[in-house]
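Visitor: Handing you a structure now.
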Amino acid sequence: MEDRTANIITIASIINLTVLIIVSRIIFHLTEPFFLILGASLAAILATIGFYIIRRNNHSRRQQLETIIASEGKELRIEYSFLRKVAGLPTKFKFQELEEATDNWKSLIGKGGSATVYKGCLKDGTAVAVKRIQHGEDRGEKEFRSEIAAIASVQHVNLVRLIGYCIHTNNLHFLVYDFIPNGSLSNWIYAPLGSAANSRGGGCLTWSQRLKVAVDVAKALAYLHHDCRSKVLHLDVKPENILLDGSYNAIVSDFGISKLMRRDDSRIVTGMRGTRGYIAPEWLLGVGISEKSDVFSYGIVLFELISGRRSIKAIDVDAHGNKIRRRFEYFPKIITEKLKAGHIMETVDTRLMDLSQVDENEVKKLVHVALWCIQDKPRRRPSMTEVVKWLEGRVAVEEPPETKMIVVDLLSIAKGENGEDVGWQNRNKKKKPGVIARVASQLNGCLAPNVYSDTPGSKSFTYSMTMISPR
Ligand SMILES: Nc1ncnc2c1ncn2[C@@H]1O[C@H](COP(=O)(O)OP(=O)(O)O)[C@@H](O)[C@H]1O
Ligand SMILES: [Mg+2]
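At position 50 of the sequence shown the residue is numbered 130 (our numbering), and the sequence of numbers has no breaks.
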């Protein structure tokens with residue numbers, strides 16, 4: 081009951097009862113009925129007043145409690161947001177705030193397989209990169225959750241910092257990151273292909289900057305694999321997902337397909353979406369991935385840092401008359417041959433060689449580390465902690481064992497040649513035997529599909545490959 085209504089009812093009842101007493105006094109004079117009515121009315125008046133007082137006390141007590149709870153809640157909220165800030169936990173943004181920060185999505189700074197990234201500026205002046213997770217597939221939501229879960233729980237100088245997030249509608253999500261001014265490593269190591277490449281900005285990293293990038297990325301991955309409470313597998317390590325800050329320190333980004341694992345998990349099998357050329361063989365073969373799959377991708381990145389070129393290159397060759405066949409050049413294989421022939425410097429980015437800044441021993445060391453990382457058998461590959469020790473010169477790198485090289489990513493061959501992300505889940509799995517056959521013929525018999533099994537229960541595929549030897 082409202083306070084005002086209660087007051088009115090109380091006063092009205094008292095007035096009515098008083099009027100009743102007066103009227104009965106006039107009608108009945110000082111007779112017995114008058115005294116009966118008087119007694120009953122006085123009792124009713126006392127009861128009304130009593131009820132009113134009790135109600136008022138309860139009401140004020142409740143109000144006091146509500147004030148206490150509200151102020152405690154406010155304190156808790158302040159404390160909570162303070163702790164979130166101190167712990168570096170992400171803030172929830174409103175869509176309008178992001179619209180304002182990006183000046184209505186004016187400045188596009190990057191586009192990947194699953195998202196578009198815009199530059200923005202928050203009210204406090206922080207420069208941010210706002211990543212819009214594209215929707216339309218279930219992948220958007222899934223990637224959004226996995227990216228938040230993975231990155232929100234980790235903090236490292238070589239990992240991109242998640243400032244906040246926004247859920248606008250069911251299928252429109254945003255992640256807000258620190259803006260990393262020099263963009264992705266891919267703009268700084270591959271030779272520009274023409275005006276399109278130049279327009280992205282970037283340039284050519286010096287040899288010492290490349291070495292620093294190698295160490296930074298190794299440290300970030302070692303931290304994710306070994307020093308976090310839950311092990312984090314990145315699963316998409318490639319130059320596009322390594323950013324460079326103002327001082328050319330490497331910052332690992334894009335946790336869209338990363339996995340959080342319990343410390344005691346030794347490996348997991350998962351649906352697949354990696355990038356052609358960077359996916360480890362065990363992942364291709366569907367036999368499970370682990371942190372060693374990131375080590376493989378890291379090895380490929382090392383080769384690309386040295387050479388300034390992609391590890392896989394498609395070449396169209398005129399095989400029979402005018403029949404064009406597509407072949408794939410695998411750079412780790414070429415580099416192994418050059419190493420054996422004593423011509424390792426021929427594999428170094430020619431732009432660096434012109435500046436004669438490169439020490440042959442350092443090149444050899446980096447090649448050795450990379451060859452360890454791309455061993456076919458995951459258990460032969462080093463841990464990222466070992467890689468950091470090797471690169472920092474705390475432990476000498478041994479000669480890597482010879483490894484058969486599974487040449488190219490079957491799935492990516494089936495797709496385009498532009499290095500774009502490859503979607504596995506959405507692919508019609510039944511098409512795979514055809515894909516494998518095509519790959520085998522493209523590789524001129526080097527990669528032959530032998531076994532293909534699709535057990536209805538497991539939906540897993542097995543194919544064996546003829547390995548390409550480094551020689
Ligand atoms: N924090 C950032 N600062 C600067 N540029 C960024 C940042 N995050 C992403 N980019 C740019 O946007 C591109 C795509 O972002 P990414 O997170 O890799 O998206 P996707 O998941 O679609 O691959 C990157 O390759 C990079 O060039
Ligand atoms: Mg990316």
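The beta carbon of each residue, even a glycine, is placed where N, CA and C say it ideally should be. All values reported here derive from a predicted model rather than from experimental measurement.
#1: Decide yes or no for the touch test of the stretch 101-113 against the stretch 134-146: beta carbon pairs closer than 8 Å, at least 3 of them.
#2: Within the structure, which residues are defined as neighbours of ligand 2 by a Cβ-heavy atom distance below 6 Å, reported in chain order?
#3: Relative to ligand 1, is the shortest distance from any of its heavy atoms to the C-beta of valine 240 smaller than 7 Å?
#4: Whole angstroms are fine: how far does the CA of proline 462 sit from the CA of valine 468?
#5: Could you check where the alpha helix (DSSP H) with valine 447 kicks off and where it finishes?
#6: When we look at the beta-carbon of methionine 485 and count the other beta-carbons within 10 Å, is it buried (16 or more) or exposed?
#7: I need the DSSP call for valine 166, collapsed to helix, strand or coil.
#8: Does the beta-carbon of tyrosine 160 have 16 or more other beta-carbons within 10 angstroms, so that it is buried, or is it exposed?
#9: Counting only runs that start and end within the stretch 281-342, where is the beta strand (DSSP E) found for 3 or more residues in a row?
#10: Sorry if obvious, but does the Cβ on glycine 190 come closer than 7 Å to a heavy atom of ligand 1?
#11: DSSP three-state call for histidine 236: helix, strand or coil?
#12: Since I believe isoleucine 213 is in contact with histidine 253 (beta carbons under 8 Å), could you give me their beta-carbon distance rounded to a whole number of angstroms?
#13: Answer yes or no: the CB of isoleucine 189 versus the heavy atoms of ligand 4, is any distance below 7 Å?
#14: Check each candidate in His109, Ile107, Gln143, Val210 and name the one with the smallest Cα separation from aspartate 83.
#15: Based on the DSSP secondary-structure assignment, which residues constitute the bridge partners of lysine 211?
#16: Return the Cβ separation of isoleucine 260 and leucine 323 in integer angstroms, given the expectation that the two are a contact with Cβ distance under 8 Å.
#17: How do the stretch 310-318 and the stretch 374-392 stand: do at least 3 beta-carbon pairs fall below 8 Å, yes or no?
#18: Check valine 477 in the structure and name its three-state DSSP category.
#19: Less than 8 Å between the CB atoms is what I'm expecting for lysine 418 and glutamate 409, so what's the real figure, rounded?
#20: Could you tell me the alpha carbon to alpha carbon distance between leucine 432 and valine 447, rounded to whole angstroms?
Guide: Considering the structure as presented:
#1: no
#2: Gly192, Glu320, Asn321, Asp334
#3: yes
#4: 10 Å
#5: 440-453
#6: buried
#7: helix
#8: exposed
#9: 311-313, 322-324, 330-332, 339-341
#10: yes
#11: coil
#12: 4 Å
#13: This structure lacks ligand 4; the ligands present are ligand 1 and ligand 2.
#14: Gln143
#15: Val197, Leu255
#16: 4 Å
#17: yes
#18: coil
#19: Contact doesn't hold; Cβ gap of about 13 Å is too wide.
#20: 16 Å
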